[in-house]
Amino acid sequence: MKGLGIFLALASVGVISAVAVIALLLRQEEVRVPDLAGQDLVVTIETLNQLGLQLKIERREPHPSLSRDRIVSQVPSPGSALRKGRPVRVVVSAGPSELQAPHLSGEHYRKAEVMIRAAGFQAASVTRVWSDDVQRDTVFAQDPPAGTSLEKGARISILVSSGKKKQVYVMPRLIDRGPEEAVRTTDRMGLQHRVITRTAGEPASPRQVIAQKPAAGHPVTADDVVEIIVNR
71 MKGLGIFLAL ASVGVISAVA VIALLLRQEE VRVPDLAGQD LVVTIETLNQ
121 LGLQLKIERR EPHPSLSRDR IVSQVPSPGS ALRKGRPVRV VVSAGPSELQ
171 APHLSGEHYR KAEVMIRAAG FQAASVTRVW SDDVQRDTVF AQDPPAGTSL
221 EKGARISILV SSGKKKQVYV MPRLIDRGPE EAVRTTDRMG LQHRVITRTA
271 GEPASPRQVI AQKPAAGHPV TADDVVEIIV NR
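Quick note on my numbering: the sequence shown kicks off at 71 and runs consecutively.
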């Protein structure tokens, strides 16, 4: 019986020693998981390979600030103990969400600015140019073009028509002329006119132009209305 007790005791010691050795070996096979957040995917693979760990990509998802192929999150967390050969699961950035530039050509520039903001972009510069074919205040070009893939918040510039280039004239002197002659003069220049009759404060011939707006010498265009003031 004594011999059996000794045998059992030795066997117990052997089992305990074996367990301790196995536990020690297992601990030696464990490594600390590094912090991978924000790291490039290629660098991440190299880092894990050096530690004897595997990489498993769980999914890709858009991220507002991380560029494409950067690590968003990981499991296990940094500092965790993990046996060699086991995988670290990661979520990888697909880059910022891309949106499509809206089609703005043909829209009134005010509406175009609203459309730009509604699509998630910023309205940048508004450049005006003369155009014989496109109506005033209408968008006829944009940069970047419609359909371009852009990041949210990107800036879009528009080119807006100022309409046909106006002919500029120098306002002639109408004072002391008859109203009919004054009207014919403005008509020949393509100007609009309005005849106003009033009593002159100073001596003047009846039916004679006594004042005008704009004054002689001022630049005028076809959109301007010339006031012709005639003595009663």
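Even for Gly, the Cβ is constructed at its ideal location relative to N, Cα and C.
With 16 other CB atoms within 10 Å as the buried threshold, where does N301 fall?
buried
Report the CB separation of I171 from I226 in whole angstroms; it is logged as a contact under 8 Å.
According to the sequence displayed, residue 171 carries Ala and not Ile. Contact holds; Cβ gap of about 6 Å.
Within 10 angstroms of the Cβ of A224, are there 16 or more other Cβ atoms? Answer buried if so, exposed if not.
buried
Inter-residue Cα distance where the pair is V295 and W200
22 Å
Suppose you measure from the CA of A203 to the CA of G233; what does that come to, to the nearest Å?
Correcting the residue type first, residue 203 is Asp in the shown sequence and not Ala. So the two alpha carbons sit approximately 8 Å from each other.
Could you say if the region 210-223 and the region 246-266 meet the contact criterion of at least three C-beta pairs nearer than 8 Å?
no
Count Cβ pairs between the region 234-246 and the region 264-271 that sit closer than 8 Å; are there 3 or more?
no
Beta-carbon within less than 7 Å of V91's beta-carbon, same chain only, minus the 5 sequence neighbours each way: which residues are those?
Caution is warranted here: a pLDDT of 49 is assigned to V91, below 50, making its placement in the model unreliable, and the coordinate value is therefore given only provisionally. No residues qualify anywhere along the chain.
By alpha-carbon positions, which one of A194, I115 and Q282 ends up nearest to V160?
I115
Roughly how many angstroms lie between the CA atoms of S231 and G108, to the nearest whole one?
46 Å
On the CB-based measure, 16 or more other CB atoms within 10 Å of its CB, does Q120 come out buried or exposed?
exposed
Quick one: Cα of I260 to Cα of L229, how far?
Here residue 260 turns out to be Gly, not Ile, going by the sequence shown. Those two C-alpha atoms are separated by around 29 Å.
Which residues does DSSP pair with H263 in a beta bridge?
V296
DSSP state of R156, grouped into three classes?
coil
To the nearest angstrom, report how far apart P146 and I127 are at their CA atoms.
13 Å
Tell whether a beta-carbon distance below 8 Å holds between I209 and S175.
In the sequence under discussion, the amino acid at residue 209 is Val, which differs from the Ile named in the question. Result yes, Cβ atoms of V209 and S175 sit closer than 8 Å.
P249 (DSSP reduced to helix, strand or coil)
helix
Contacting residues, own chain, Cβ-Cβ under 6 Å from R153 (five flanking each side not counted)
E99 and E100
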